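K.L.:
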Amino acid sequence: AIYSTDLAAITRMSRAINVSIFVANGPTLAGLGAGGEGFTSFSIASPTGEGLTSARTFSRIRRVTVAGSLQGI
Numbered sequence: 001a002i003y004s005t006d007l008a009a010i011t012r013m014s015r016a017i018n019v020s021i022f023v024a025n026g027p028t029l030a031g032l033g034a035g036g037e038g039f040t041s042f043s044i045a046s047p048t049g050e051g052l053t054s055a056r057t058f059s060r061i062r063r064v065t066v067a068g069s070l071q072g073i
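Numbering of the sequence shown is given in my numbering, commencing with residue 1 and proceeding in unit increments.
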């Protein structure tokens, strides 16, 4: 997770750490759907240790969750 109003810094951080779940300006649980965007999900193992699944596909997808000052841009 990162807290910043600089969209370029958020982009650099998300690319540098290359994870399945990345949260900007919010609690890390927002990445699983608790208070963030998207559906609530549990995580499964992936190369970085986490991943999101959906009931439809049970496949891993990447999610970036934006909360706080950049939400709705």
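Where is the CB? At the ideal position from N, CA and C, for every residue including glycine. Fair warning: this is a prediction, and the values are worked out from it, not measured in the lab.
1. Identify whether T5 lies in helix, strand or coil by the three-state DSSP scheme.
2. Assuming V23 contacts A30 under a Cβ cut-off of 8 Å, what Cβ separation, rounded to an integer in Å, is found between them?
3. Which one of N25, L32, S20 and T65 has the shortest CA to CA distance from D6?
4. DSSP three-state call for A16: helix, strand or coil?
5. From R15 to L32, what does the alpha carbon distance come to, in whole angstroms?
6. Could you please give me the residues that DSSP links to A24 through a beta bridge?
P.N.:
So, to answer that:
1. On the sequence shown, position 5 is the one that residue 5 refers to. Three-state DSSP puts T5 in coil, outside helix and strand.
2. The residue you call residue 23 lines up with position 23 of the sequence shown. The residue you call residue 30 lines up with position 30 of the sequence shown. That pair is a contact at about 5 Å.
3. If you number the sequence shown from 1, residue 6 lands on position 6. Of the listed residues, the one whose Cα sits closest to D6 is N25.
4. Working through the sequence shown from its first residue, we reach residue 16 at position 16. It is helical.
5. The sequence position of residue 15 within the sequence shown is 15, counting from 1. The sequence position of residue 32 within the sequence shown is 32, counting from 1. Cα-Cα distance, rounded: 19 Å.
6. Indexing the sequence shown from 1 puts residue 24 at position 24. Answer is I2 and V66, bridged to A24.
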